[in-house]
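Have a look at the structure below before the remarks.
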Amino acid sequence: MAKYRKLGRTSDQRKALIRNQVTALLYHGKIVTTEAKAKEIRKVAEGLIAMAVREKDNFEEVTVTAKVPRKDKDGKRVKEVVDGKKVTVYDEVEKKIKKDLPSRLHARRQMNKVLYSVTSVPAENAGKKKNTKKIDVATKLFDEVAPKYVGRNGGYTRIVKIGQRKGDGALEVLLELV
């Protein structure tokens, strides 16, 4: 008996499919897929969520000094001439950042082995590179998803059967976060 479903794909294709589907599930909160795929995706997603719940509060806040470029009213960098060259003017700013402790850092790296980075595009800029944002799904897991499941021991996802797909008759399901 196999320990996992092969899904009719080679190992690299299967791993890419599972990574893609898990990332979509954690980013959007729900996906529609076939039953066999959903059962495999569920295993991986629940492991990542359990890891995030375990390491949710394992960080320290640190105050750092950062150099930030000074900007004018139009949002462009202010430049001044020094020794005949134009140089950007920087201001020093105090910022508070979350610094992961070693076990949370390890958990984040394990998550990033599975999850892809997601690029968010605003609706008005569809098809353009302007105003796109890179979203770290591991950070979303720690900050948004994990706090919802603190008192829960597993069972973070739900599979709801929808019906058969029109083209090939495969059983489709809705896989969602509870």
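For the sequence shown, numbering that gives the first Met the number 0 gives the first residue as 0, with consecutive numbering after it.
Heads up, the beta-carbon is just placed ideally off N, CA and C, and yes, glycines get one too.
All of these numbers come straight from a predicted model, not from anything done at the bench.
Could you compute how far the alpha carbon of residue i sits from the alpha carbon of residue j?
i       : j       : result
Asp-167 : His-27  : 26 Å
Gln-163 : Arg-18  : 24 Å
Asn-57  : Leu-104 : 9 Å
Ala-1   : Pro-146 : 34 Å
Lys-29  : Arg-69  : 42 Å
Thr-156 : Lys-95  : 34 Å
Val-149 : Ala-44  : 16 Å
Arg-4   : Gly-46  : 17 Å
Leu-173 : Ser-102 : 33 Å
Ala-15  : Thr-22  : 11 Å
Val-177 : Leu-140 : 14 Å
Ala-169 : Asp-11  : 23 Å
Val-144 : Asp-82  : 52 Å
Glu-39  : Thr-32  : 11 Å
Val-80  : Val-67  : 18 Å
Gln-20  : Val-63  : 37 Å
Asp-71  : Lys-129 : 20 Å
Val-120 : Thr-131 : 5 Å
Glu-34  : Lys-160 : 8 Å
What are the boundary residues of the beta strand (DSSP E) that residue i is part of?
i      : result
Tyr-89 : 89 to 99
Val-67 : 58 to 68
According to DSSP, is residue i part of a helix, a strand, or is it coil?
i       : result
Arg-13  : helix
Gly-166 : coil
Val-81  : strand
Val-21  : helix
Lys-133 : strand
Lys-139 : helix
Ser-119 : strand
Arg-151 : coil
Lys-2   : coil
Leu-114 : coil
Arg-157 : strand
Val-177 : coil
Arg-103 : helix
Arg-108 : helix
Starting from residue i, trace the alpha helix (DSSP H) both ways and give me its first and last residue.
i      : result
Glu-45 : 34 to 53
Round the Cβ separation of residue i and residue j to the nearest angstrom and send it over; I've been treating them as touching at under 8 Å.
i       : j       : result
Leu-100 : Glu-59  : 7 Å
Arg-13  : Ile-158 : That pair is no contact at about 19 Å.
Exercise. Taking three-plus beta-carbon pairs below 8 Å as touching, is the segment 74 to 91 in contact with the segment 49 to 56?
Worked result: Contact annotation: the segment 74 to 91 does not touch the segment 49 to 56, with fewer than three C-beta pairs closer than 8 Å.
Exercise. Is it a yes or a no for the segment 135 to 155 touching the segment 114 to 122, going by three-plus beta-carbon pairs under 8 Å?
Worked result: Taking 8 Å as the limit for Cβ pairs, the verdict is that the segment 114 to 122 does touch the segment 135 to 155.
Exercise. Would you call the segment 121 to 133 and the segment 84 to 93 touching, i.e. three or more CB-CB distances under 8 Å?
Worked result: Contact annotation: the segment 121 to 133 does not touch the segment 84 to 93, with fewer than three C-beta pairs closer than 8 Å.
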